[in-house]
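K.L.:
My numbering applies: residue 66 is where the sequence shown begins, and numbers increase by one.
All C-beta atoms, glycine included, are put in the ideal place defined by N, C-alpha and C.
Note that this is a predicted model, so its numbers are computed, not measured.
Dumping the structure here so I can ask a few things about it.
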Amino acid sequence: MKKLFGTDGIRGRANEGVIIPERLVKIGRAVAYYFQRHGRPAPEAAPPFESPYRPFNPYVRDSIVSHPFTVVMGKDTRLSGYMIESALVAGLVAQGAHVIMLGPAPTPAVALLTRSLRADVGIMISASHNPYYDNGIKFFDATGTKFTEEVEQKIEEILQADAFPPSAECGKSMRLDDAVGRYVEFAKATFPKGRTLDGLKIVLDCANGAAYKVAPRVFWELGACVVPIADAPNGRNINENCGALHPENLFSHLQTSQADVGLSLDGDADRLVLMTPKGNIVNGDQILALLAGKMHKEGTLRGGVVSTNMSNLGLKMHLKTLEIPHFVAPVGDKNVLKMMQQTGSNLGGEESGHILLSDANTTGDGIIAALHVLGILGENKQALDEVFPVFQPVPQIVRNFPLGRGITDEQLRVLREKALDFLGEQSDVVIRKSGTEPVLRIMIQSIDASLLETFFEEISTVFFAA
């Protein structure tokens, strides 16, 4: 049973638990050792698409990527990223791997460059939307997709055995100076040819995170007037009252700058939340609905749409009205991608703002998702408030409860049954333990909004009383 990996790689408090130099060196060695033994994924495991931008660098190709095992490594702007990067590189190099370090770069840039540089593994050092004192590691295979649970399990077994045969030779590390520029060109290439963002004014919340350099460049080079905010990271202010978890941060800036659109990314830029000039927040469900309708109309939607069980019932009803197949995956963008591959779908995402457009990239990409939305606005000559909401959401509440009391799975099963009985038909209940934080997430939704708060008051008394 896995103990190290969670919903999205490895995550924890920096300088505690697993996120300490001694453990990180061993993790680096274990990853290198596993792939040196098992090799790259088989060709048939690769996603069924090609990136629209595959940069070529003869120096990197000849001197680095031809090595039997190569890792591309990026990070966000957390202070602890330096320690984690150094420790992982030490372990990887000691085991004979070569490492290409990107510096601060969005998670989707790591996925892209892992593929385009023909590396074996991509590593992103980030705790995504978590506060600065947390950090983590996301892993990608040679196809740019996140490690499967089977691979994670094998790596944990290697770590538990704690036996790494010495490598005949050490590897080496190098920095790739043009990583930001490569991703900028890739992102721009996904925007409709011959179109620009001329005349559009955007407030862009960079979350003081990995995209603080990349994101403003992408939108500005396409012609937009960009008002960047939360674009001055200091190692401790990532996601601090900014970013995708705090879209309200956009509103005052939208008003004072009289901008057309507010875009909010998270710490590693794999999720997107929008805000309209009137202050309405647009989440991932609404973005999925807009993209699905557009792609369905023009015949580019394949397979259907994949979302998670945390999505609003209104999305399900909307897709049914359009006669678009809808598939539900477990929470986590790697689970969404897995179901997309199983169903042949090229659009998926989560209400949190992870949007996967698999014709462009292999992971959630906030910048590319934003470009697709802005492309639709420009084509239809519509304002954001005229487009959203695409569907009327069903009343929904999501609450987090601490897991300190050790609630059993049986208690959770009983709790869900009680919730469904209480809420009646046309309702949904999701109760799950977070894979990234020590909390229990409960989502309930019902067409009868009056029942929601009443239910939470009751369960708080019964299950979570101090």
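1) Counting C-beta neighbours from all protein chains within 10 Å, is the total for GLN510 16 or more, i.e. buried, or is it exposed?
2) If you draw a straight line from the alpha carbon of ILE389 to that of LYS278, how long is it in whole angstroms?
3) For the beta strand (DSSP E) that MET10 lies in, which residues bound it at each end?
4) Going by C-alpha distance, which of ASP493, ILE223 and PHE466 is nearest ARG506?
5) For the region 315-402, list the alpha helix (DSSP H) runs that are entirely contained and at least 4 residues long, ordered along the chain.
6) Just curious, the beta strand (DSSP E) that GLY93 is in, first and last residue?
7) Whole alpha helix (DSSP H) runs in the region 246-283 with 4 or more residues, listed along the chain?
8) Who pairs with VAL158 in a beta bridge, going by DSSP?
9) For the region 234-241 and the region 286-296, state whether three or more C-beta atom pairs, one from each stretch, are separated by less than 8 Å.
10) CB ILE441 to CB LEU355, shorter than 9 Å?
11) Report all residues from its chain with a CB closer than 8 Å to the CB of PHE453; omit the five preceding and five following residues, and keep chain order.
12) State buried or exposed for HIS419, treating a residue as buried only when at least 16 other CB atoms are found within 10 Å of its CB.
13) Check GLN510 in the structure and name its three-state DSSP category.
14) Report the partner residues of VAL504 according to the DSSP bridge assignment.
15) Tell me the residue span of the alpha helix (DSSP H) that contains ASN445.
16) In the DSSP assignment, what are the bridge partners of CYS290?
17) Once the 5 residues before and after ALA95 are set aside, which same chain residues still bring their CB inside 6 Å of it?
18) Within the chosen definition, does the region 426-441 reach the region 488-500 through at least 3 CB pairs nearer than 8 Å?
19) To the nearest angstrom, how far is the alpha carbon of ASN200 from that of ILE188?
20) From ALA226, PRO173, LEU262 and HIS194, pick the residue whose C-alpha is nearest to that of LEU208; which is it?
21) Three or more beta-carbon pairs under 8 Å between the region 511-520 and the region 478-490, yes or no?
22) Secondary structure at ASP296, three-state DSSP: helix, strand or coil?
23) Considering only C-alpha positions, which residue in the set LEU449, VAL371, ALA394 and VAL396 is nearest to LEU384?
24) Is LYS483 helix, strand or coil by DSSP?
25) Go ahead and label MET239 buried or exposed: buried means 16 or more other beta carbons lie within 10 angstroms of its beta carbon, across all protein chains shown.
26) Could you check what DSSP says for PHE520 in three-state terms: helix, strand or coil?
27) If you compare alpha carbons, which of ARG143, ILE267, GLU313 and GLY139 is closest to VAL46?
28) With H, G and I counted as helix, E and B as strand and the rest as coil, what does DSSP make of LYS237?
29) Where does HIS103 land, buried or exposed, given buried means 16+ other C-beta within 10 angstroms?
30) Which partner residues does LEU42 have in the DSSP bridge list?
31) Who are the Cβ neighbours of ALA184 in its own chain at under 8 Å, not counting the five residues just before and after it?
32) Excluding the five sequence neighbours on either side, which residues of its own chain have a C-beta within less than 8 Å of the C-beta of ASN400, listed in chain order?
33) Where do the N-terminal and C-terminal ends of the alpha helix (DSSP H) with PRO173 fall, by residue?
34) In this structure, what does DSSP give as the bridge partners for HIS163?
35) Go ahead and pull the three-state DSSP assignment for GLN491.
P.N.:
Let's see:
1) Here residue 510 corresponds to residue number 445 of the sequence shown, with the count starting at 1. By the neighbour-count rule (16 or more Cβ atoms within 10 Å), GLN510 is buried.
2) Numbered from its first residue, the sequence shown carries residue 389 at position 324. Numbered from its first residue, the sequence shown carries residue 278 at position 213. Distance between the alpha carbons of ILE389 and LYS278 is about 37 Å.
3) The requested residue 10 does not occur in the structure, where the chain is confined to residues 66 to 531.
4) Against the sequence shown, residue 506 aligns to sequence position 441. Among ASP493, ILE223 and PHE466, the Cα nearest to that of ARG506 is on PHE466.
5) 316-322, 349-363 and 378-386
6) For the purposes of this step, residue 93 is taken as the residue at position 28 of the sequence shown. Boundaries around GLY93 are those of the alpha helix (DSSP H), 86-103, since no beta strand (DSSP E) includes it.
7) none
8) Here the question's residue 158 lines up with position 93 in the sequence shown. DSSP, once it has assigned bridges, lists no residue as partnering VAL158.
9) no
10) In the sequence shown, residue 441 corresponds to position 376, counting from 1. In the sequence shown, residue 355 corresponds to position 290, counting from 1. Yes, the pair counts as a contact, with Cβ atoms nearer than the cut-off.
11) One-based indexing of the sequence shown puts residue 453 at position 388. Correct list, in chain order: LEU339, THR341, ASN345, VAL347, GLN351 and LEU355.
12) Here residue 419 corresponds to residue number 354 of the sequence shown, with the count starting at 1. In summary, HIS419 is buried, with 16 or more beta-carbon neighbours lying within 10 Å of its beta-carbon over all protein chains present.
13) Along the sequence shown, one-based indexing puts residue 510 at 445. Three-state result, GLN510: strand.
14) Position 439 of the sequence shown holds residue 504. Paired residues: PRO467.
15) On the sequence shown, position 380 is the one that residue 445 refers to. Counting along the chain, the alpha helix (DSSP H) containing ASN445 begins and ends at 431-445.
16) Residue numbering aside, residue 290 sits at position 225 when the sequence shown is read from its first letter. For CYS290, which the question treats as bridged, DSSP gives the partners LYS266.
17) Here the question's residue 95 lines up with position 30 in the sequence shown. ILE220, ILE223 and LEU224.
18) In short, these stretches do not touch, since the Cβ pair count stays below three.
19) In the sequence shown, counting from the first residue as 1, residue 200 sits at position 135. In the sequence shown, counting from the first residue as 1, residue 188 sits at position 123. It is roughly 13 Å from the alpha-carbon of ASN200 to the alpha-carbon of ILE188.
20) Against the sequence shown, residue 208 aligns to sequence position 143. As written in the sequence, residue 208 is Thr, which differs from the Leu given in the question. The shortest Cα separation from THR208 among ALA226, PRO173, LEU262 and HIS194 belongs to PRO173.
21) yes
22) Here residue 296 is taken as the residue at index 231 of the sequence shown, counted from 1. It is coil, neither helix nor strand.
23) Taking the sequence shown and counting its residues from 1, the one referred to as residue 384 is at position 319. Of LEU449, VAL371, ALA394 and VAL396, the residue nearest in Cα terms is VAL371.
24) Numbered from 1 along the sequence shown, position 418 holds the residue referred to as residue 483. DSSP places LYS483 in helix when its eight states are reduced to three.
25) Here residue 239 is taken as the residue at index 174 of the sequence shown, counted from 1. Result: exposed.
26) Along the sequence shown, read from residue 1 onward, the residue named residue 520 stands at position 455. Helix.
27) What is shown of the chain runs 66 to 531, which leaves residue 46 out entirely.
28) As a position in the sequence shown, residue 237 is number 172, starting the count at 1. Three-state DSSP puts LYS237 in coil, outside helix and strand.
29) Walking along the sequence shown from the start, residue 103 turns up at place 38. HIS103 should be labelled exposed.
30) Outside the displayed range of the chain (66 to 531) lies residue 42, so it cannot be described from this structure.
31) Counted from its first residue, the sequence shown places residue 184 at position 119. Correct list, in chain order: VAL130, THR135, VAL136, VAL137, ILE165, LEU178 and ALA207.
32) Within the sequence shown, the letter at position 335 stands for residue 400. Within the same chain, ASN400 has close Cβ partners THR373 and ALA394.
33) Counted from its first residue, the sequence shown places residue 173 at position 108. Element bounds for PRO173: 172-181.
34) Position 98 of the sequence shown holds residue 163. Answer is THR135.
35) Looking up residue 491 in the sequence shown gives position 426. In the structure shown, GLN491 sits in coil (DSSP, three-state: anything other than H, G, I, E or B).
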